[in-house]
Structure formats: C-alpha cells, structure tokens
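For the protein sequence lines, the chains are G and E, in the order given. If you count by my numbering, then the first sequence holds residues 25 to 179, one letter each, in order. If you count by my numbering, then the second sequence holds residues 355 to 1075, one letter each, in order. The block underneath contains the structure these notes are about, expressed in structure tokens.
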Amino acid sequence: MTEDTLKSTNTEVELLSFRLGGEEYSVDIMSVREIRGWTRATPLPHAPPYVRGVINLRGTVLPVVDLSVRLGMPPVKGDARNVIIVVQLGQQTAGLLVDAVSDILALPLTELQPPPDLAADTAHSYISALTIVEERMIRVLDLAAVLPDESSEAA
Amino acid sequence: MTNDPMAEIRASFFVECEELLESLHDALGIMDAGEHDNETINVVFRAVHSIKGGAGAFGLDALVAFAHRFETVMDEVRSGRLDISPDALKLFYHAADLLSDEVRAARDGTDEPAEAESCLQELEALMGLDPGAVVEEEEADFQPMGLAFDFDDFAPPPEVEAATVFDIRIKPTDALYASGNEPLHLLRALSGLGSVETRCDIDTIPDFAALKPETSYLSWNIVLTGDTSEDEIREVFDFVEDVCEIDISTRPEVDSFTPGDFGTDLPPLTDIGADATLDSEPAIGAEDTGTPPEPVTPSVQTNISLGAAVPRDANSSAGNEVSPTVRVDLDRIDRLVNLVGELVINQAMLAQSVAEAGLPPNSAVMTGLEAFMMLTRDIQDSVMMIRAQPVKPLFQRMARIVREAAAATGKEVRFKTEGETTEVDKTVIERLADPLTHMIRNAVDHGLETPDKRTGNGKTSEGTITLSAQHRSGRVVIEITDDGAGINRPKVREIAVNKGLIPGDANLSDSEIDNLLFLPGFSTATEVSALSGRGVGMDVVRQAIQALGGRISIASTPGKGTIFSISLPLTLAVLDGMVISVADETMVVPLSSILETATLTKEDIRSLGPETNVVHVRGAFVPLYDLGAELGYRSPKACYEGDIVLLTAHENGARSALVVDSIMEQRQVVIKGLQRSYGHIPGVAAATILGDGQIALILDPADLVSTASGRTRVTDFSLAG
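See the structure below:
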C-alpha cells in the first residue's frame, strides 16, 4: 500500500500513522525526530491536564503531551505498549504519548482533504487534513495546535 | 574581518592590554600601601611601556601619545627624580583609569576620554616640565631601554664550580646562506656544548624599503657556559669558517654567580625588549636555548650576561608569576560542561543498574565503578574550575568606581580588597558587576559620612570601604563593609512610612528595618545625587543577586558602619540539593534555602485561619505549607502530626515550613533548565536528572510560597489543585 506511483517528492507527503483510542492519526514524518518506548513522566505542577510531564531524553528535559487528552479523549493508560513520538516544530521539541505506532504512509498531496468544519467538538481544530487509506480514515495532526504553547506560562 | 590575521593579533593585543592594566593597578595598589620599591615602579613603567609599544605597532596614535607621556612621568618616578606623594599617586590612578579608557577607545574605535589632556598636563606639572618638551624625546626610539637593574643590591654571589664562559660572536656572510648553510644548526650544535644564551643582533637591519632579501644582516652573540674548550667550539664552525665571521673569547671568572639566583631577581626578560623583538627573526635562538632573544644595548649587556644561562623556569619565577594560558571560546567550555553533566548522570544510572544486578560489593565491576565515580567527580570539578575565574578584575573595576564616587561626593575614601584570588564562575562574575557597582556607589554616597562629620565624630577623615571575597561552605561570600555612620533606622522607618511601604504603627525589629532598604521604590537619599538615588535601588540589586541563586543581607551598627554580604553559588551549573519525596514524586530543594528540618509534634501546629496552620518554631510562628497540596499533587491532609517539615528561609527574612513525605539524601545535582523546553512553572526553578534516569524538579521555595495558598486543613469544599 505504500508503493508510490508518483516519484516526485514535492507532490507527495510521508506520514507516520499511529493509533489513539481506536482511531488512526498521523503526523508528517519530517517533523518526527524519534520514537521512544514508554517511560514514566515526571508530572509538572500546575500544568494543563494534557501535559503528562517531562521525561529525560538523553540529558535534555522533554515535555510529553498526552495526545488523547489533548484531543478530548480519556488519558492514555501508560504501559509498555505505549510509545512516545518525539516531534520537533521549529525550535520546540516535545513528546506525543500515543497508544501505538502503526505505519508509514506515502501519499500524494492531492489525496489529503481539509476537514469539514464541525463546531460541536474541539478535536477538529487539531486536525489539518483527512485522508482515506484502504477504507480507513486517517487524520493528519496540526502539530502547532497540539503542542503546549511555549510562550505562555503554564498555570 | 574574521579571517583577517591582523584582526586576531589586534584582538590579542587588547586582551594583553587588559592584563597589563591589571598589573598596573596592582602595582599602584602596592605603592598606595606605602611600598615604593623599584620593582613595583618598574611594573608600572613596563605596563605602560608595553601598551605603548603594542599600540605603536597597530598605529593607535592617540593611545601611543597618552601612554608615552604617562610613561615619561613614570620614568621620572623610577629614576627617583619625582617623589611619590599621595597626590601624585591619585594622579597616577587617574591616569591609569584614563589609560584603560584609551585602550577601550582604541579597541572600539570610540572617542578618547575628554579629560585625558588635562590629566596629562597635571601629571607633567608634577615633573615641573613644559608639556611639549618631553614628547619628542623618545618617540622614534623603540630600542630596548636600559632598565635600572639594581645589581648592587644583590647578595654576595655564592661560589659555584667553575665552568668556562665563552663569548662567541658569529656574523654569517651572504656566502653562508648561498652555500646552503643554516645558522640555526650552528646554534643548536653550540647548545650541545653547554648552556647558552643567544642574542640576535638586529641593529644592522636596514629599513624595510632598503632591505635586500639575499643580504645577511643578522649576527649572533652567544654566551656559552660549559665545561668545554675553544677547540671544541671551533669544531662546530669547521665547515663555515670561511663564510662567517667568528669571534670566540673566554671570559675569566665572571662565572661565579649562580644564574638561577639572578633569575629570581630579574624582571621577566621577555618584557624588557619585547617590543623590539616581536617581529624580528631571533626566534631561532629562543627555540634552541630556552632563553628569549633580545637585542641589548651595550651598557646593559654585561649585566645581563651575568645571568647568562638563566634557565627557562627561572624566567617564569622572575617578577610576578605568569603561568601559560590558553584562550578558549566560552561556548566550547559550556559544551564540555554539559557533556560532563551527562557523564555524571550516566555514571549514576550505571551505578544504580549495577546495584540492582546484585553483584557482590567486592567484585571487579563494583571496584571499577567506584574508580569511575571518583574520576567523573574529578572531571566535573575540573571542568567547573575552567569556568571559574578570580574576582580580581571585578574588584579592580570597583576600585575605580570608588575613586570616581569619592571624587563626585568630595569624600575621602580608602578602598581595600581582600580575597581577590577567590574564584567564581565566569557568568556569576559578569552578572555581579552591575549590582556590585551600585552597592559600592551607595556605600560611598550613603554609607560614609563627609570628612567634617567624620572628624566631628572622632573618626579619621578618610573613610574605608572594604570589598572582600571568600569561599565559605561551598559558596562565595562577598562582603562590602564601610566604616560609616551605619543605617539611620529611624529615618529609614520614617521614609518607609511616608512612602506607604509600611503602616505607621508597624512594629519592626532592627533587621526588619534594615531590610526595608530592599523594598522596591525605596531611596534614603533626601536629595537625589548624581551617583545614586536614581529610583533604581537596592531592590534591583537584590533581584540581580537572587537571579544568580544568591542571597544578600545587611548588618549595621549605628556609628560603626554597615556590612552588606552577598552569598553566591560557586557555579550556575550544579547545585547542592536535598532530595525529598512528596506524594510519590522525587524533588530537589536547594540546600541553600533550607535552615533546618524537623518532625512536627502536635504542640508545634497551631491553627491560624479556617484553612491555614502555623508552626511554632523557636518562639516564632512560621506559616505551614503542604508541598504536595501546593504543587497540586494531593489534597491537604487531615493531620500533619509526625510529618517532616523543611524550614526554609527567604531573602526577605521570611520563613516558611514545607511539609514533605520523606528526606532521601543530600547531593549535588546538575541543573537542567525547564524554561526553554516548557516555560516557567510557579515554584519550580529548574529540573535535574536523577540516578535512575528520572527527572526531578528543583523547587524554588521562595517562589513557591509567594504563589501558595497555604491551605493545610481540610474543609468542606474540594481543594485539589
């Protein structure tokens, strides 16, 4: 399914897909730094609920976002099967706690559609596009919206 | 610009200037203390002279002109024609300050200080000379100058076993070079026969324009001391006899001096003729003999040659000790500091997993690991030491501040420094300059009385300000002491009331009144002077000190003076902390903020409001905070009896009691900033990585308490978070 008919890279996007609460999401693979197994995060006081805490990433302090809570779902349980996807957006590096990583997809950009505007839930504002792969709907995350705002004070 | 080799040399010249200025100020300090020995005066002279020499090479005319006239005056002092009166010394200080300004002006390309001319004229007036007359005298002449070595002072020379001293002069002709010979080899061969002192004579080198590349200009004077014979020396020149003028003469019995003894009394040789030899060839000699080459005027030559075979290490012990240094980019050191931090964490993690593996304590792995642990500690200490620098340059800057402030206020001030060699992290020193400047100005402006008032109170008219630094239990304590009137507490109180900082009926202890000085917007000067009292006050100072992880405190005795003490961490990269656990989380509390730890008894806890408690400790009531609840990890407990509290002290003198679950250990932790990856968290200063690889937060008790609710009693409504 990852075979690409279009060799041209600028019309194609590679996505890392992962599962979260029974649904499939994905992020642009270019922003993924690495994937780590679950480690317990040190909780931060006065942090918003979706900030799981901080972990030690080879000597640097990495904030971890529970993506499930961020998208308005119950928290990720946090066991050996869960993984932390380390993503980088500009100068900011953060970990996204997800249930499991599933696949790497290469899709032509044309297959990504903008999400319909539904006011009833907050989750859609974190999604930049939708696509269908083998009958499964995959959501493409808008990283900038998901990561904690580094300029504001967490209180 | 960056690749311009000249720019690099220029930069190193200015760094050198800073060092020279430092030694200049040092020497003036010694003279100020009443010691006018020749060596000290020479240091002053040499510093000014070297700056002049370097500046000349870079065409920094203004600097050369200033240094030259300053130097001329110092030359008069050196020759004893000018007495060092206190007034003269003051002028020297002023001139030295201005010389620093000139150097900076030359470096940054800014205008030279306006007072330079007037200061110079005052200086020259000391000599009773027409200012214009002296300028021309020495201008074109960068010849090594005849330093006034006091050889008469030397103790009777000890007897040493006689070795013959040969004076050898070689002047290669053009043919020597044409035939492919190389004087360097000859010099090397000579150095194999005994200890040699080689001097290259560059007097015959014509101006650059007239220089012919294939003509031989250089000649060498070699003083060879050794158990050898003229024939052996002749042998060296076997192959070049006909293409080289060679003079060999034996010097009878001058050799009874031990060269090494001279070395200690001689000023560093390199300084003497450095200007003249920098760009000439005689580096050859240096390489071979270990003595710096230099052209010497004939009058000095015999004297110098007495110390002929001064070994290299004698050089470094001569005069003030200068150990070789390397200049390293600070970024590189910081990277190293970070890496070592990682290493320490990694080592702790390794130790923990080895311990978990259940190996016997005397196994090879365990002993190896212990050695590894010691090594990492050592590495960490050494790396931290690289960043550490003596506070001396900072203190010298303060000396200038004192002089300027004293001049501006018309007060007489003697400035003393102690513990200048105390080393502190570079960043700490840099960020200490502003608060210290402010405090020194305050000490002169507010601390000391006017001379009239002082004499009226039976004190000397001259006030004393002492700036001291010392290491005390892993921190640096810097104290600023004045012998002024002390803090006028009634006045301070009155001002605080007038400014609405405290209620009029407040009952304050002496130290509480003293601490009012640190309140924002407080200024005691009734009239705003040019120096201090510009609205930014001691609160800014305190903030700056606190930002460095330091504390500041005041002690004052009316009529006797005031002491400000600043206590600072040695470094900003590691911290001594108490590892505690609260609500199953491991945290670190800076040891510096903990006064004591205690276990609460029922009698200690008194309820204050409906939701708050205080703890009764040594006659004082201290607010009780539940750390777990304040951080949002749990709800306040029903009862705190039997719990452990940390009694913490804050810079404003307030205290608080923090409830923790258990105290695990005291250890040094590597500070990892949170700000960059996440942002500021109230009550949290930074993070660190523990031995198990987990991150622990480093608390900031003062910040924590300032935003804390203080709820320590369960009430009807939910309190979580």
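Backbone N, C-alpha and C fix where the C-beta goes; we use that ideal spot for every residue, glycine too. Only a predicted model underlies this, so the values are computations on that prediction, with no experimental measurement involved.
G/G119 counts as buried, since at least 16 other C-beta atoms from the protein chains shown sit within 10 angstroms of its C-beta.
Interface residue (Cβ-Cβ distance to chain G less than 9 Å): E/N692 is classified as such. Judged by beta-carbon spacing, G/V110 lies within the 9 Å limit of G/I59, meaning their Cβ atoms are closer than that value.
Out of E/G1045, E/S1010, E/A1039, the CA that lies nearest to the CA of E/R1021 is found in E/G1045.
E/Y979 is outside the set of residues whose beta carbon lies under 9 Å from a beta carbon in chain G. Only exposed fits E/I363, as fewer than 16 other CB atoms lie within 10 angstroms of its CB. Boundaries for E/D465: no alpha helix (DSSP H) harbours it, and the DSSP string shows neither H nor E there. A straight line joining the alpha-carbon of E/I405 with that of E/D455 spans about 13 Å. G/P132 has a beta carbon lying at 9 Å or more from every beta carbon in chain E.
Three or more Cβ pairs closer than 8 Å define a contact, and the stretch 812 to 832 of chain E meets that threshold against the stretch 762 to 779 of chain E. Under the three-state reduction of DSSP output, E/P537 falls in the helix class. For E/N967, the beta-bridge partners assigned by DSSP are E/S961. Looking at the DSSP output, E/D779 shares a beta bridge with E/A742.
Using a CB distance cut-off of 9 Å, G/N106 does not count as an interface residue toward chain E.
At a cut-off of 9 Å, the C-beta of G/L120 has no neighbouring C-beta in chain E. With contact defined as three or more Cβ pairs closer than 8 Å, the stretch 394 to 408 of chain E and the stretch 420 to 427 of chain E are in contact. When the beta-carbon positions are compared, E/V1013 and E/Y979 come within less than 9 Å of each other.
Minimum Cα-Cα distance from E/Q897 among the listed residues E/E710, E/P789, E/K765, E/E784 corresponds to E/P789.
For E/S1016, the nearest beta carbon of chain G is not closer than 9 Å to its own beta carbon.
Non-local C-beta neighbours of E/D601 in its own chain, meaning closer than 6 Å and more than five positions away in sequence, comprise R523, ordered along the chain. Rounded to the nearest angstrom, the Cβ distance from E/P944 to E/L924 is 13 Å, too far for a contact under 8 Å.
The continuous alpha helix (DSSP H) containing E/P844 extends over residues 843 to 852. One finds nothing in chain E with a Cβ atom closer than 9 Å to the Cβ of G/L167; even the nearest lies about 16 Å away. The continuous stretches of alpha helix (DSSP H) do not include E/K525, which lies in the beta strand (DSSP E) extending over residues 518 to 526. For the pair of segments examined, the stretch 75 to 84 of chain G was found not to touch the stretch 38 to 48 of chain G: the number of CB pairs separated by less than 8 Å stays below three. Distance from E/P912 to E/G840 at the Cβ level is roughly 4 Å; contact confirmed, criterion being Cβ atoms closer than 8 Å. Non-local beta-carbon contacts of E/D1015 in its own chain, meaning distances under 6 Å to residues more than five positions away in sequence, involve S935, V936 in chain order.
Taking 3 residues as the minimum length, the beta strand (DSSP E) runs contained wholly in the stretch 97 to 169 of chain G are 107 to 113, 116 to 122, 124 to 132, 151 to 157, 160 to 165, in order along the chain.
Among the residues facing chain G, E/P1036 is included, as its CB has a counterpart in that chain under 9 Å away. In this structure, DSSP gives E/S946 a helical state, which the three-state scheme calls helix.
For E/L578, the three-state secondary structure derived from DSSP is strand. Taking a C-beta cut-off of 9 Å against chain E, the contacting residues of the stretch 69 to 82 of chain G are P69, H70, A71, V75, G77, V78, I79, N80, R82, listed in chain order. Neighbours of G/L86 in chain E, taken as residues whose beta carbon is under 8 Å from its own, are S1031 in chain order.
Here G/A124 has F42, R43, R105, N106, V107 as same chain residues with Cβ atoms under 8 Å from its own Cβ, once five neighbours each way along the sequence are excluded. Assignment of beta-bridge partners to G/A65 by DSSP yields no partner.
Along the stretch 147 to 162 of chain G, there is no position whose C-beta sits under 7 Å from a C-beta of chain E.
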